[in-house]
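>
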Amino acid sequence: MEALKETKLSYIIEAAITIVIGLVLVVWTGDSIRLVARILAALLILVGGIAVARYFLKKTRTITSSAEFVIGIIIAAVGLWIFLNPDTFTDFIPKLFGIFILISGLGNLGQMISLVRYKSRAWWVSLIIALVTVGLGAFLLFNPTGAKEIAVTMIGIFLMVDGGTNLVNSLIVGKAAKRVEQEKNAIDVEAVVVEEKK
Numbered sequence: 028m029e030a031l032k033e034t035k036l037s038y039i040i041e042a043a044i045t046i047v048i049g050l051v052l053v054v055w056t057g058d059s060i061r062l063v064a065r066i067l068a069a070l071l072i073l074v075g076g077i078a079v080a081r082y083f084l085k086k087t088r089t090i091t092s093s094a095e096f097v098i099g100i101i102i103a104a105v106g107l108w109i110f111l112n113p114d115t116f117t118d119f120i121p122k123l124f125g126i127f128i129l130i131s132g133l134g135n136l137g138q139m140i141s142l143v144r145y146k147s148r149a150w151w152v153s154l155i156i157a158l159v160t161v162g163l164g165a166f167l168l169f170n171p172t173g174a175k176e177i178a179v180t181m182i183g184i185f186l187m188v189d190g191g192t193n194l195v196n197s198l199i200v201g202k203a204a205k206r207v208e209q210e211k212n213a214i215d216v217e218a219v220v221v222e223e224k225k
């Protein structure tokens, strides 16, 4: 029973943390995006710095170590650029996805034309899919800031829902376990009473 209580407590803590993170993402969307970008930048700077430091710490320098040194400088430079320009970096990601989705949508339009040629009655379904895909791709490409904020807000909402459901489930399980323990104790008491009567 003690193990169950500890498990319940850990679930409640995890659920609470998840809800808080989700709330932060929803309320401070722009700041959250910049924070994630800067954390990524800091990690890149750290990785690049370690590669550069390893080069200087080695007594014998080879072509491989020289290549690692150059790669380390590039990684650190990219990290520094992201750290100084988090908005530009985070705008680039939706644009990249937008291009891929737009190309996919144009491919769907090509499929729709083929269906029209084959006189298929389902050509309009392909047209709707193509228009939705092209529209989504264009939105990501030409409105990256709005796209990334919507995505982060949705992630925040999903995290809050996930944390909330986990919290409710842990409370329900805890209540059920407590009831089972009370019933078990009641049975033990009855058994003792019966034994004493004998």
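The sequence shown begins at 28 in the working numbering and counts up by one.
Glycine included, every Cβ here is placed at the ideal spot set by N, Cα and C.
1) On the DSSP letters alone, give me the boundaries of the alpha helix (DSSP H) that Y82 sits inside.
2) In the DSSP assignment, find the unbroken alpha helix (DSSP H) run with K122 in it and report its ends.
3) Starting from S153, trace the alpha helix (DSSP H) both ways and give me its first and last residue.
4) Taking 8 Å as the limit between beta carbons, can you name the residues of its chain near G191, skipping five residues before and five after?
5) Nearest CA to the CA of G125: which residue from T180, Y38, G164?
6) How should I175 be labelled, buried or exposed, when 16 other C-beta atoms within 10 angstroms of its C-beta is the threshold for buried?
7) CB-CB under 8 Å to S131, same chain, minus the five flanking residues each way: which ones, in chain order?
8) Run the CB neighbour count on F96, radius 10 Å, all protein chains shown included, and call it buried at 16 or more, exposed below.
9) Which same chain residues, not among the five before or five after L142, have their C-beta less than 7 Å away from its C-beta?
10) Please report the straight-line C-alpha distance between L111 and V105, rounded to a whole angstrom.
11) Among I199, I128, Q209, which residue has its Cα nearest to the Cα of L168?
12) For T117, count neighbouring C-beta atoms within 10 Å of its own C-beta (all shown protein chains included) and say buried if the count is 16 or more, exposed if not.
13) On the three-state DSSP scale, how would you describe S37?
14) By a C-beta neighbour count over all protein chains shown, 10 Å radius and 16 as the cutoff for buried, is R186 buried or exposed?
15) Quick one: is S37 buried, meaning 16 or more other Cβ sit within 10 Å of its Cβ, or exposed?
16) Is V179 near L62, with beta carbons less than 8 Å apart?
17) My guess is that N135 and A157 are in contact by the Cβ rule of under 8 Å, so how many angstroms apart are they, rounded?
18) I'd like to know whether the C-beta atoms of I109 and A68 end up nearer to each other than 8 Å.
19) Determine the closest residue to K122 out of V74, K86, G76, T172, with distance taken between C-alpha atoms.
20) Which class does T87 belong to by DSSP, given the choice of helix, strand or coil?
In this structure, then:
1) In the sequence shown, the residue the question calls residue 82 occupies position 55. Judged by DSSP secondary structure, Y82 falls within the alpha helix (DSSP H) whose first and last residues are 56-84.
2) Numbered from 1 along the sequence shown, position 95 holds the residue referred to as residue 122. First-last of the alpha helix (DSSP H) with K122: 113-144.
3) Position 126 of the sequence shown holds residue 153. Start and end: 150-169.
4) Here the question's residue 191 lines up with position 164 in the sequence shown. Short of 8 Å from the beta carbon of G191, and not among the five residues preceding or following it, lie these beta carbons of its own chain, in chain order: A42, I46.
5) Position 98 of the sequence shown, counting from 1, holds the residue named residue 125. Of the candidates T180, Y38, G164, the residue whose Cα lies closest to the Cα of G125 is G164.
6) By 1-based counting over the sequence shown, the position of residue 175 is 148. According to the sequence as given, residue 175 is Lys; it is not Ile. Classification of K175: buried, given that the 10 Å Cβ count is 16 or more.
7) Sequence index remark: in the sequence shown, residue 131 carries index 104 (1-based). These residues qualify, in order along the chain: T160, G164.
8) Locating residue 96 in the sequence shown gives position 69, where the first residue counts as 1. Buried, by the Cβ-count rule.
9) As a first step, residue 142 is located in the sequence shown; it is residue number 115 there, counting from the start. Result list for L142: A149, W150, S153, in chain order.
10) What you label residue 111 is simply residue 84 of the sequence shown in a count that begins at 1. What you label residue 105 is simply residue 78 of the sequence shown in a count that begins at 1. Looking at the two C-alpha atoms, the distance is approximately 10 Å.
11) Position 141 of the sequence shown, counted from the start, is the residue given in the question as residue 168. Answer by Cα proximity: I128.
12) Here residue 117 refers to the residue found at position 90 when the sequence shown is read from its first residue. Label assigned to T117: buried.
13) Along the sequence shown, one-based indexing puts residue 37 at 10. It is helical.
14) As a first step, residue 186 is located in the sequence shown; it is residue number 159 there, counting from the start. The question names Arg, but residue 186 in the sequence shown is Leu. Buried.
15) Reading the sequence shown from its first residue, position 10 is the one you call residue 37. S37 is exposed by the Cβ-count criterion.
16) Residue numbering aside, residue 179 sits at position 152 when the sequence shown is read from its first letter. Residue numbering aside, residue 62 sits at position 35 when the sequence shown is read from its first letter. Not a contact, by the Cβ cut-off of 8 Å.
17) Indexing the sequence shown from 1 puts residue 135 at position 108. Indexing the sequence shown from 1 puts residue 157 at position 130. The pair is a contact, with the Cβ atoms about 4 Å apart (cut-off 8 Å).
18) In the sequence shown, residue 109 corresponds to position 82, counting from 1. In the sequence shown, residue 68 corresponds to position 41, counting from 1. Yes. Within cutoff.
19) Numbered from its first residue, the sequence shown carries residue 122 at position 95. Residue T172 is the option with its Cα nearest to K122.
20) As a first step, residue 87 is located in the sequence shown; it is residue number 60 there, counting from the start. Residue state, collapsed to three classes: coil.
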